[in-house]
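Here the structure comes first, spelled out in structure tokens, and everything after it is commentary.
2 protein chains.
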Amino acid sequence: MKIGKLSKVSGCSIQTIRYYEKENLLSNPNRSEGNFRLYDNNSLKELEFVKHCRSLDIPLSDIKRLIELKQSPEESCSSVNALIDDQLKLVNQRMIELKSLKKELQKMASSCSSDNSIDQCGIIRSLDK
Amino acid sequence: MKIGKLSKVSGCSIQTIRYYEKENLLSNPNRSEGNFRLYDNNSLKELEFVKHCRSLDIPLSDIKRLIELKQSPEESCSSVNALIDDQLKLVNQRMIELKSLKKELQKMASSCSSDNSIDQCGIIRSLDK
DNA sequence: ATAAACCCTATAGTTACTATAGAATCAAGC
DNA sequence: GCTTGATTCTATAGTAACTATAGGGTTTAT
Chain A
19 MKIGKLSKVS GCSIQTIRYY EKENLLSNPN RSEGNFRLYD NNSLKELEFV KHCRSLDIPL
79 SDIKRLIELK QSPEESCSSV NALIDDQLKL VNQRMIELKS LKKELQKMAS SCSSDNSIDQ
139 CGIIRSLDK
Chain B
19 MKIGKLSKVS GCSIQTIRYY EKENLLSNPN RSEGNFRLYD NNSLKELEFV KHCRSLDIPL
79 SDIKRLIELK QSPEESCSSV NALIDDQLKL VNQRMIELKS LKKELQKMAS SCSSDNSIDQ
139 CGIIRSLDK
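Chains as they are written, first to last, in the working numbering: chain A, 19 to 147; chain B, 19 to 147.
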């Protein structure tokens with residue numbers, strides 16, 4: 019299949035697919051006579067692997083690392099585990115941050131009714147502190 | 019004070035201060051004979067306003083908007099309220115996403131002990147799905 | 001007078017894409 | 001055989017909010 023089809027099947031945009039290829043997250047596809055990329059089922063699997071990782075917010079550099087690791091199936095998977103653990107830590111950290119953001123935003127929102135003048139706006143006031 | 023001092027007092031890096039100025043989030047400071055930026059207490063307040071907004075993850079474009087609104091103290095503050103509401107919605111949305119990320123990452127982490135071979139790695143297997 | 005510390009502008013790099021421009025290729029209909 | 005529209009190609013620039021660097025000028029202290 020050509021890139022348009024792969025894009026539809028996978029749900030990734032055409033530009034994203036080409037971008038992943040340039041970043042070596044996908045193996046180089048065969049080309050048609052007219053230089054069009056030709057994909058098969060394996061290409062789709064590669065792309066879906068990347069997509070799944072991205073849905074977990076794993077950065078491309080780490081995905082590249084995971085792909086390399088997959089090339090050595092007999093080695094220990096401890097670094098895979100470490101990578102996921104780190105990702106989990108990041109997510110937890112970000113959740114903590116968001117919780118406190120949420121708190122302050124809620125407090126601000128409740129500190130002002132929208133029919134004030136900006137002069138009297140409770141939100142502007144708290145931002146000015 | 020010069021930019022180095024402002025940087026220390028505010029906790030923003032020198033480059034960030036210059037960047038905010040270029041983006042019109044800070045008013046243009048006076049300059050010394052040798053063309054050094056000279057700041058006063060009001061500059062510090064401006065910077066702290068921006069910093070406070072940024073700590074709430076409010077994008078620079080919205081901060082610019084808030085600063086403009088502050089210039090018309092007699093107008094209604096309903097758009098300020100709307101802006102904070104939107105920001106709150108974004109934060110809530112992101113929290114929902116992070117929760118499901120966390121869930122899947124935890125599931126993956128628990129699906130593999132680190133002394134497996136990559137071949138047998140539960141994490142790689144779930145990513146391959 | 002000179003060296004260290006500070007400041008200046010302008011430019012490039014970061015992440016993970018998205019959006020163009022301008023050209024080539026292919027598929028379908030006449 | 002030809003044209004038209006859809007698809008593809010590469011290369012480049014833009015996005016957000018900074019950070020980092022190069023290559024200079026200025027100030028302060030000795």
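All C-beta atoms, glycine included, are put in the ideal place defined by N, C-alpha and C.
Predicted, not measured: the structure shown is a model, and the values here were computed from it.
Contact with chain B by residue i, beta-carbon distance below 7 angstroms
i, result
"residue 43/A", "no"
"residue 30/A", "no"
"residue 48/A", "no"
"residue 105/A", "yes"
"residue 2/A", "Nothing can be reported for residue 2/A, as the shown portion of chain A is limited to 19 through 147."
"residue 109/A", "yes"
"residue 134/A", "yes"
"residue 68/A", "no"
"residue 27/A", "no"
"residue 102/A", "yes"
"residue 87/A", "yes"
Minimum C-alpha distance to residue i - residue among the options
i, options, result
"residue 91/A", "34/B, 146/B, 139/B", "139/B"
"residue 156/B", "46/B, 54/B, 60/B", "This structure cannot settle anything about residue 156/B, because the visible part of chain B is limited to 19 through 147."
"residue 118/B", "75/A, 115/A, 58/A, 36/A", "75/A"
"residue 41/A", "78/A, 144/A, 93/A", "78/A"
"residue 131/B", "31/A, 37/A, 44/A, 103/A", "103/A"
"residue 23/B", "86/B, 72/B, 46/B, 54/B", "54/B"
"residue 128/A", "106/B, 63/B, 50/B", "106/B"
"residue 137/A", "142/B, 101/B, 85/B, 80/B", "85/B"
"residue 133/A", "143/B, 100/B, 116/B", "100/B"
"residue 73/A", "93/A, 30/A, 94/A", "30/A"
DSSP bridge partner residues for residue i (one or two, in chain order)
i, result
"residue 131/B", "Paired residue(s): none; residue 131/B is not in a bridge."
"residue 56/B", "48/B"
Closer than 7 angstroms to chain A by CB, residue i
i, result
"residue 137/B", "yes"
"residue 91/B", "yes"
"residue 120/B", "yes"
"residue 160/B", "The shown model of chain B, from 19 to 147, leaves out residue 160/B, and the question about it has no answer."
"residue 129/B", "no"
"residue 96/B", "yes"
"residue 141/B", "yes"
"residue 65/B", "no"
Nearest-angstrom Cβ-Cβ length linking residue i and residue j, presumed shorter than 8 angstroms
i, j, result
"residue 123/A", "residue 70/B", "The pair is not a contact, with the Cβ atoms about 12 angstroms apart (cut-off 8 angstroms)."
"residue 109/B", "residue 120/A", "5 angstroms"
"residue 21/B", "residue 65/B", "Going by Cβ atoms, the distance from residue 21/B to residue 65/B rounds to 11 angstroms, so no, they are not a contact pair."
"residue 57/B", "residue 19/B", "5 angstroms"
"residue 48/A", "residue 39/A", "With a Cβ gap of about 12 angstroms, residue 48/A and residue 39/A do not count as contacting."
"residue 116/A", "residue 87/B", "That belief does not hold up - the Cβ atoms of residue 116/A and residue 87/B are roughly 25 angstroms apart, past 8 angstroms."
Ranges of the alpha helix (DSSP H) found wholly within the region 72–111 of chain B, counting only runs of at least 4: Here the runs fully enclosed are 78–88.
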